[in-house]
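Report on the structure given below.
Residue numbers (full-length UniProt numbering): 1 to 114.
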């Protein structure tokens, strides 16, 4: 089952790449911005609870999808880009087993222990 979930996440990552291709930007933007959602990990410098909340905001696919559709509604490519990057990064992380965090420990995720 674990491999099926990773394949599903990989295919959603490909969907994110497709959505990015519709933005008419250079692929350097995608590569350069792909890891920016990890800025949410800075919350762990405060404490594990703040860290988990900050990390989860930047890695929640629902928030990413809302950003993307808000960009579509507003016809704003920057907001669409933010949604695509958040979505793609979340999928990319989950391929490697990094899920949303519980407040108890960074290694305790909705996908299991790291």
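Where is the CB? At the ideal position from N, CA and C, for every residue including glycine.
Exercise. Relative to the alpha-carbon of residue 78, which residue among 109, 24, 46 and 51 has its alpha-carbon at the smallest distance?
Worked result: Ranking the options by Cα distance to residue 78, first place goes to 24.
Problem set entry | Any chain B beta carbon closer than 8 Å to residue 85 | In the structure shown, chain B does not exist; there is a single protein chain.
Problem set entry | Option nearest residue 91 by Cα separation, candidates 37, 32, 22 and 29 | Ranking the options by Cα distance to residue 91, first place goes to 37.
Exercise. Are there three or more Cβ pairs, one per stretch, closer than 8 Å when the region 39-50 is compared with the region 93-100?
Worked result: Too few Cβ pairs lie closer than 8 Å, so no.
Problem set entry | Chain-order list of residues whose beta-carbon lies under 6 Å from that of residue 70 (same chain, five-residue window excluded) | Only 79 meet the Cβ criterion.
Problem set entry | Contact set for residue 82: own chain, Cβ-Cβ below 6 Å, skip 5 residues either direction | Contacts found: 67.
Exercise. Quick one: what does DSSP say residue 102 is sitting in, helix, strand or coil?
Worked result: For residue 102, the three-state secondary structure derived from DSSP is strand.
For this session: Pull up the DSSP beta-bridge partners for residue 107, would you.
Result: Answer by DSSP bridge pairing: none, since residue 107 is not bridged.
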